[in-house]
Amino acid sequence: MISMTAPATVVDIGSLLVVEPGYRSGRPCLRGTGITVHNVAMHHMAGMSVEDMAAGNPDLDVSLFHAALAYYFANRAKVEAEIEADVQWEERERKKFPNGVTSESAHLFELPD
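Per my numbering, the very first residue in the sequence shown carries number 15; after that it's consecutive.
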């Protein structure tokens, strides 16, 4: 059921998403989370509703997911190109490491001191 009453406070939609350089590859995230717009877009493309996404994250307000989808639709070509690049990168990595990360290959992922 949709409420027809005005919210107690007006929320600036831009405050619902944040971008922090160096965090999640600088991609926009739902405020207060590590959930990227790209993750929300992928769930949407897979047929998941905003309500289902919010139900899976009961501590988050549904408006965060709507804001993520608004960003996605406004920047669809960019977001989809980045998702496709991620998929291609993952496929290349799976070919390089068909057995996943093992004790023999773990050193390749260690950060220098």
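Cβ atoms here follow ideal geometry from the backbone N, Cα and C, with glycine treated the same way.
ask   = Going by alpha carbons, who is nearest to LYS92 out of LEU44, HIS52 and GLU34?
value = HIS52
task = Determine the extent of the alpha helix (DSSP H) in which ASP75 is found, giving its start and end residues.
result = Secondary structure note for ASP75: it is in no alpha helix (DSSP H), with a DSSP letter that is neither H nor E.
task = Could you tell me whether the segment 71-89 touches the segment 103-111, using the rule of 3 or more Cβ pairs below 8 angstroms?
result = no
request  = Please determine, among GLY40, ARG45, SER39 and ARG41, the residue with the shortest C-alpha to C-alpha distance to SER29.
outcome  = ARG45
task = Return helix, strand or coil for VAL32, following the three-state DSSP convention.
result = strand
ask   = Applying the criterion that 16 or more other CB atoms from any shown protein chain within 10 Å of the CB defines a buried residue, is VAL54 buried or exposed?
value = buried
inquiry  = Rounded to whole angstroms, what is the Cα-Cα separation between ILE49 and GLU118?
reply    = 31 angstroms
query = Could you check where the alpha helix (DSSP H) with ARG106 kicks off and where it finishes?
reply = 90-110
query = Considering only the beta carbon of each residue, do VAL64 and LEU83 sit closer than 8 angstroms?
reply = yes
message = Less than 8 angstroms between the C-beta atoms of GLY40 and VAL33, yes or no?
response = yes
message = Give me, in chain order, the residues of the same chain whose beta-carbon lies closer than 8 angstroms to that of MET42; leave out the 5 immediate sequence neighbours on both sides.
response = Before going further, note that residue 42 is Pro rather than Met in the sequence given. For PRO42, where only same-chain residues beyond five positions count, the Cβ hits under 8 angstroms are LEU31, VAL32, VAL33, THR50, VAL51, ALA82 and TYR85.
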